[in-house]
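First comes the structure, then the notes that go with it.
Numbering (this note's numbering), first residue to last: 1 to 303.
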């Protein structure tokens, strides 16, 4: 019971706040000439690449620590690192707080149109992250029950994607800064749809293994470039809430997969689940294009 309560508290992690703060910092440095205006997506995806690096290295370091200091030692070490990071961030940001031009807007109520836009951003995140969590949930079942693969082989498929993220995240960020956030995000979502349709049609392990490499670009788009897209959906005074509206769906997306469990009962029906996740990606793409069109019209109207 205590472990569940602590895990629930860990859900208060300021993940969305970090991205919002990063965006504010980039804007501030751009105004002062310390950063180029076209480097926002690249910097954001670099931050997300650091997160992926932690996922890659963390289990290895954690395993070594367990052997030396035990599980309690691992928990205390992790807590200590979080505390050091908190103190460092507080000291670094104390004298570099972003401009508080958004106070008046933050104090005002959201307009109905803004609420609708936030709902659309949440829905986009829900559809995309349902695919990502669905991959984690259903792909091992498909590999072990349908293709009779060993656990080590399953691990290899997921490790390929994490390694690919370290490569594709900076590339996706740089491309987004040059050709546009909407273009790169749309490409990533389209690849996600093709990925799941490909899984549904696959019948050999090597086919699934090949699909894991381009999926790294999907992660780069949905967890890196998409954050910049969400932050640009409304005015800079709403950075915090637009970032949160998109990223909060990450924690709720597995609930969609629970509903899909009924569709996928039995290894022979998992293909239908993959097809459903592919269709959800197509719907997310349509919503992204709708939001981008709405934002473009708003900017043109303001001009």
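All C-beta atoms in this analysis are idealised placements derived from N, C-alpha and C, irrespective of residue type, glycine included.
Nearest-angstrom Cα separation, counted from residue j out to residue i
{"i": "residue 172", "j": "residue 289", "result": "18 Å"}
{"i": "residue 116", "j": "residue 128", "result": "19 Å"}
{"i": "residue 292", "j": "residue 143", "result": "37 Å"}
{"i": "residue 224", "j": "residue 72", "result": "33 Å"}
{"i": "residue 252", "j": "residue 298", "result": "30 Å"}
{"i": "residue 269", "j": "residue 87", "result": "50 Å"}
{"i": "residue 145", "j": "residue 179", "result": "42 Å"}
{"i": "residue 147", "j": "residue 154", "result": "11 Å"}
{"i": "residue 193", "j": "residue 282", "result": "6 Å"}
{"i": "residue 205", "j": "residue 156", "result": "11 Å"}
{"i": "residue 111", "j": "residue 160", "result": "44 Å"}
Exposure label - residue i; buried when at least 16 CB within 10 Å
{"i": "residue 4", "result": "Its pLDDT being 49, under 50, residue 4 is placed unreliably in this model, and the value from its coordinates should be taken loosely. Per the 10 Å Cβ criterion, exposed."}
{"i": "residue 151", "result": "exposed"}
{"i": "residue 258", "result": "exposed"}
{"i": "residue 97", "result": "Residue confidence for residue 97 is low, a pLDDT of 46 falling below 50, so the modelled location carries little weight; the figure read from the coordinates is stated next. With fewer than 16 other Cβ atoms within 10 Å, it is exposed."}
{"i": "residue 207", "result": "exposed"}
{"i": "residue 138", "result": "buried"}
{"i": "residue 113", "result": "exposed"}
Anticipated Cβ contact below 8 Å, residue i with residue j, distance rounded
{"i": "residue 278", "j": "residue 217", "result": "Not confirmed; about 16 Å, so no contact."}
Whether residue i touches residue j by CB criterion (8 Å)
{"i": "residue 185", "j": "residue 229", "result": "yes"}
{"i": "residue 168", "j": "residue 220", "result": "yes"}
{"i": "residue 235", "j": "residue 125", "result": "no"}
{"i": "residue 130", "j": "residue 280", "result": "yes"}
{"i": "residue 75", "j": "residue 246", "result": "no"}
{"i": "residue 242", "j": "residue 118", "result": "yes"}
{"i": "residue 191", "j": "residue 214", "result": "yes"}
{"i": "residue 211", "j": "residue 195", "result": "yes"}
{"i": "residue 276", "j": "residue 260", "result": "yes"}
{"i": "residue 232", "j": "residue 296", "result": "no"}
{"i": "residue 285", "j": "residue 189", "result": "yes"}
{"i": "residue 222", "j": "residue 132", "result": "yes"}
Proximity test, residue i beta-carbon vs the ligand PLP heavy atom, cut-off 7 Å
{"i": "residue 245", "result": "You won't find the ligand PLP in this model; it holds no ligand whatsoever."}
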